[in-house]
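Structure record follows, encoded as structure tokens.
In the working numbering, the protein residues as written are 275 to 392.
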């Protein structure tokens with residue numbers, strides 16, 4: 275993805291990491307339920323940011339960014355659960371949790387700025 279939007283690039287990279295992790299969990303641990311939830315929320319972040327970039331109004335932009343923000347919180351839950359149930363190593367889970375935190379902080383800042391601009 276060759277976009278000049280740092281948030282879109284970071285969320286796309288995060289989505290790729292979650293896809294790779296999902297494939298690994300399914301192949302090595304035959305775990306399908308928790309990992310699928312992690313996959314859905316992890317890839318949804320970038321999809322919603324992409325939609326926000328094509329928003330037709332400030333409210334639409336804010337709504338899509340808010341959904342992406344909530345998905346970034348959800349993916350941290352699934353990653354923690356996968357880590358604590360020994361499906362994913364602490365190192366891998368913590369690395370992705372840090373990335374999700376970074377995305378959350380960026381989106382929260384955008385949402386605060388957007389709210390002030392209304």
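From the three backbone atoms N, C-alpha and C, an ideal C-beta is built for every residue, glycine too.
Q. How about residue 353 and residue 377: are their beta carbons less than 7 Å apart?
A. no
Q.
Please report the straight-line C-alpha distance between residue 313 and residue 361, rounded to a whole angstrom.
A. Cα to Cα, residue 313 sits roughly 14 Å from residue 361.
Q: Can you give me the Cβ contacts of residue 390 inside the same chain, cut-off strictly under 6 Å, excluding the 5 residues immediately before and after it?
A: none
Q) Apart from the five residues just before and just after residue 386, which ones in its own chain have a Cβ nearer than 8 Å to its Cβ? A) none
Q) Near residue 293, what residues of its chain come up, given a Cβ to Cβ distance below 6 Å and the 5 sequence neighbours on each side ignored? A) Nothing meets the Cβ criterion.
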